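S.K.: In terms of this note's numbering, the sequence shown opens at residue 56 and continues consecutively. Don't be surprised by glycine CBs; every beta carbon is placed ideally from N, CA and C. On a predicted model such as this, the values are computed, not experimentally measured, just so you know.
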Amino acid sequence: MTDVVVVESPAKAKTINKYLGGGYTVLASFGHVRDLPPKDGSVRPDENFAMDWATDDRGAKHMGDIARALKSAKSLYLATDPDREGEAISWHVQSVLAERNLLKNISVQRVTFNEITKSAVQRAMANPRALDQPLIDAYLARRALDYLVGFTLSPVLWRKLPGSRSAGRVQSVALRLICEREAEIEVFKKREYWSVKGLFEEKSGQEFLARLTHLHGKKLEQFDLENAEAAEAARALIAAGQFSVSDVEHKKLRRNPSPPFTTSTLQQEASRKLGMSAQITMRTAQQLYEGVDIGGEHVGLITYMRTDGVQMAAEAISAIRGHILDSFGERYQPEKPRVYSSKAKNAQEAHEAIRPTDVRRRPEDVARHLNPDQSRLYELIYKRAVAAQMASAELDQVSVTLTDGQNIVTLRATGTTIAFDGFLRLYREGRDDIASEDDENRLLPPMMKGDPVQTKDAQAEQHFTQPPPRYSEASLVKKMEEIGIGRPSTYASILSVLRDRSYVRLDSRRFVPEDRGRLVTAFLTSFFETYVDTDFTARLEEQLDDISDGRADWHDVMRAFWKNFSHAVDQTKDLKISDVIDALDEDLGAYFFPLREDGGDPRQCTACGSGRLGLRLGKFGAFIGCSNYPTCQFTRRLIAEDGAEAPSLKDGIRHLGMDAETGEELTIRRGPYGLYVQRGEADPADKKKKPKRVALPKSVDAETLSLEQAQGYISLPRKIGPHPESGEMMEAGLGRFGPFIKMGGIYATLGKDDDVLTVGANRAVDCLAQKLASIRNLGKHPKDDESVMIRKGRFGPYVQHGQIIATLPRGSHMDDVTLDEAVTLLAEKGKPLKAPAKKGVKKAASSAKKPGADKKATTKTPKKAAASATPRKRKAAKAKPEGPDAS
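#1: Name the two residues that bound the continuous alpha helix (DSSP H) containing histidine 622.
#2: Mind checking whether alanine 124 and valine 59 have CB atoms under 8 Å apart?
#3: Per DSSP, what kind of secondary structure is tyrosine 960 in: helix, strand or coil?
#4: Does threonine 80 come out as helix, strand or coil in the three-state DSSP assignment?
#5: Going by Cα to Cα distance, which pick from Ala181, Thr813, Ser219 and Asp302 is closest to valine 575?
#6: Taking its Cβ as the centre, do 16 or more other Cβ atoms sit within 10 Å of valine 347, making it buried, or is it exposed?
#7: In the DSSP assignment, what residue or residues form a beta bridge with aspartate 90?
#8: Secondary structure at histidine 856, three-state DSSP: helix, strand or coil?
#9: When the Cα atoms are used, what is the spatial distance from serine 781 to arginine 818?
#10: Whole angstroms is fine: what's the gap from lysine 129's alpha carbon to serine 162's?
#11: What did DSSP end up calling asparagine 950 once you bin it into helix, strand or coil?
#12: When the Cα atoms are used, what is the spatial distance from leucine 751 to valine 732?
#13: Measure the beta-carbon distance from alanine 443 to proline 312 and round it to whole angstroms, keeping in mind my assumption that it falls under 8 Å.
#14: Taking the alpha-carbon positions, what's the lysine 744 to threonine 717 distance?
#15: Kindly indicate which residue of Pro411, Gln659 and Phe795 has the alpha-carbon position closest to the one of glutamate 170.
#16: Classify alanine 662 as helix, strand or coil using the three-state DSSP reduction.
#17: What's the gap between the Cα of proline 906 and the Cα of leucine 82?
#18: Are valine 587 and arginine 525 touching if we call contact CB-CB under 8 Å?
#19: So, with DSSP's three-state summary, where would you put glycine 851?
#20: Using a Cβ-Cβ cut-off of 6 Å (strictly less than) and excluding sequence neighbours within five positions of aspartate 488, which residues of its own chain qualify?
#21: What do you get for glycine 351, buried or exposed, if any count of 16 or more other CB atoms within 10 angstroms of its CB means buried?
#22: Can you name, in chain order, every residue of its own chain whose Cβ lies under 6 Å from the Cβ of aspartate 192, other than the five neighbours on each side?
#23: For leucine 190, does the count of other Cβ atoms within 10 angstroms reach 16, so buried, or fall short, so exposed?
#24: Leaving out five residues on either side along the sequence, give the residues of the same chain with a beta carbon under 6 Å from the beta carbon of alanine 921.
#25: Under 6 Å Cβ to Cβ from aspartate 451, same chain only, skipping five residues before and after it: list those, please.
#26: State buried or exposed for isoleucine 708, treating a residue as buried only when at least 16 other CB atoms are found within 10 Å of its CB.
#27: Any idea what DSSP makes of tyrosine 74, helix, strand or coil?
#28: Would you kindly check if the distance between the Cβ of aspartate 637 and the Cβ of alanine 577 is under 8 Å?
#29: How many angstroms separate the CA atom of alanine 882 from the CA atom of valine 820?
#30: Can you list, in chain order, the residues of its chain with a C-beta nearer than 7 Å to that of arginine 416? Leave out the 5 residues immediately preceding and following it.
#31: Starting from phenylalanine 647, trace the beta strand (DSSP E) in both directions and tell me its first and last residue.
#32: Figure out for me which residue from Gly296, Ala368 and Tyr248 has the closest Cα to the Cα of glutamine 277.
#33: Can you tell me whether valine 242 is buried or exposed, with buried defined as 16 or more other CB within 10 angstroms of its CB?
#34: From Thr135, Phe620 and Gln858, pick the residue whose C-alpha is nearest to that of histidine 87; which is it?
#35: Please look up how many angstroms separate the CB atoms of leucine 553 and leucine 230, rounded, as I've assumed it's under 8 Å.
#36: Looking only at its own chain, which residues have a Cβ that is under 7 Å from the Cβ of alanine 607, when we skip the five neighbours before and after it?
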């Protein structure tokens, strides 16, 4: 008889099963086993927010496995992740089993561990607890809120703003932040200013730069030198002046290390340093947490990665301090351990910061067991955690003031050198190349007060103020955390939803709102201002935290929210489309109709000359139309690059120009399955000769695609270069399921951020590494020296040798199979790969066997066929709202 332990993932189950031994059966729930059905009425406010939960086929299968295992068990241990979501999954598992009356005489315990190590797991199993009801209540409130906002507000959008997709409680606020930043950039007016620097030589002949700080006894502000004339006058004074050192100031500065990573700071730093998206960062961190195979042992390398705590366990700090002493020396170990506290709004410091589970596993030692993304992220986490307990860096700063003796011109030179690198020896926050000559490691020559200096040169430099930068993933995550909206664990999914629904796009790793996103934001701010307000959303997050801490009842919070929200939705029932158009036209008019350089009316119709252009809403979304419709039928898409009208896909074809390689014309066309590029035209005299066509990715805009880009697509596949290890050529191409990387017979799918025309060798190697992680080469077959491989398939792992495959026995893991076992399995159960059947062959063969078969077929009619001759009327399926964001 064995007790049952339920975890979330099979990787975690495998590791924990080894730690617990034969007295336990460890099974995976594979995440949530049930959820709210995606239909109206799954949450019922009138019944005290009762919820209907449904278990899908996948969840039912895993619950069936758990139920069967419980038949011979006395205890059930729920060991899902140590956060709100993990608590909710445990609650769902217990609830489903209780509803089936499967928990009679079964002891149900909840266990949590912050790291998947043998000691942590055994310690957790020895100290079980009951389910945390306040955490479950907070999950129920959050799930009900997201459902009600998504499934109540989204239909309003569909009816009043055709072409929009959905709205979400946190998703829409994040979209508003992106759109408002874009609006700030558009209205920004750059302002000119100048700075002046002088090049000087001190008495020993060493040169140094100094910046003008005071002119005619007045300290210069940013815009005091606002034009070339003023800057040139100041430059001339420096060039003609005689200067000496009037003051030398020495400062000792200390720079302290940053705390170890939280979920949010990990996403930000991985984006800045590694160029990894929030989604890839979290997926890779999950793999490191659940464990990887190192020397035949499956071990978790980092602690739980969904946390906003910055503290570390005492034993972890002690181990890290010992490592610092052994690796760097006594000076790099501070006298006392560093203690950190979070400054983030709504921080829940119930869990440790993200750190390595064992500081003895150095990044360089485990790199060969990891794929490139795992290796880079583990190194980042490792160095940040160790650096957090290292000594402060000590900087020497010297400031030298130069004057002309008449108080007309004052300049200042500053140099900073690192006296003791401290934690900087291991880790620097942000990009590694941020230290520049102007900021750090610039050494001034030794000078004393009264020393004369000689002017060698003087230069004036023109500057312009810069608009606020667009949000990157890192800066948007930081902003959301600062104002307290959403939870760090949901940021990755929120940003992914915004892109998937074409509300935003990434341009040079910065978020740019699409027209659809700006329209949705304008609509919501016009008619649902409260519910996309950052302060309101942050206050709601605080109420959810009060629920999780047991300070508030979740039903009370829901009732207060629903009363006001449902009233706001009811007010839009009588809202006319014309009211929506007027509101959007007023809000976005300056964006869609920028001022013309000639001073003319930007809304004057370019077709009829007398009509006024304005925003219109059609069946498929918004567009620009003329007020003289239907007399004038001029229309255009909302916006094009630089405010100019883009060439349209008229009659389903857009002409781009001549292909440089063949001289044939390249066109973009719209077919039944989407957009494609075509080179040349079909030859009516030779029907077998077809022009080359390449389907375009869905992310490509047909109106802005350039000739050079079209040539790139039509010439795919594109050779990238040889793989650094195998030497095989890597190629980028487009297939049925999107862009991919190919190496030999291995195909790896590219991500949504990747451009098949520009993706480089490093990214190709990363993609292939992830694909190769699902393939295991066991070695050469003893008969023919051809490789025997284990691959992950749709229905489980299987062995392949050439064209022969054999499915692994149920319960077998691909990492456990040996070459001898695979060869035996292929010999006993091997089957050839199925070749596609030729149409008509089977039917023709069977007809040939029986003369007169065709006659019988025509004289005998099956009753069912006759009965079904009259088609049945089918009810039109109701459109289902898209699911809200999971935050």
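M.R.: Taking the geometry as given:
#1: 609–625
#2: yes
#3: Shown here, the chain extends from 56 to 942; a query on residue 960 therefore has no answer.
#4: strand
#5: Ser219
#6: buried
#7: Ala109
#8: strand
#9: 16 Å
#10: 6 Å
#11: This structure leaves residue 950 out entirely; the chain is present only between 56 and 942.
#12: 7 Å
#13: 5 Å
#14: 16 Å
#15: Pro411
#16: coil
#17: Residue placement at proline 906 cannot be trusted, given a pLDDT of 42 that sits under 50; what the coordinates show is reported in the next sentence. Cα-Cα distance, rounded: 58 Å.
#18: no
#19: strand
#20: In this predicted model, aspartate 488 has a pLDDT of only 38, less than 50, meaning its place in the structure is not dependable; the value taken from the coordinates is given anyway. Nothing meets the Cβ criterion.
#21: exposed
#22: Ile602 and Trp609
#23: buried
#24: Any reading at alanine 921 must be qualified, since the residue scores a pLDDT of 39, below 50, and its modelled position is unreliable; the value itself is stated next. Excluding positions up to five away in sequence, the list is empty.
#25: Thr472 and Ala474
#26: exposed
#27: helix
#28: no
#29: 35 Å
#30: Leu356
#31: No beta strand (DSSP E) holds phenylalanine 647; the alpha helix (DSSP H) holding it covers 632–647.
#32: Tyr248
#33: exposed
#34: Thr135
#35: 6 Å
#36: Gln598 and Asp601
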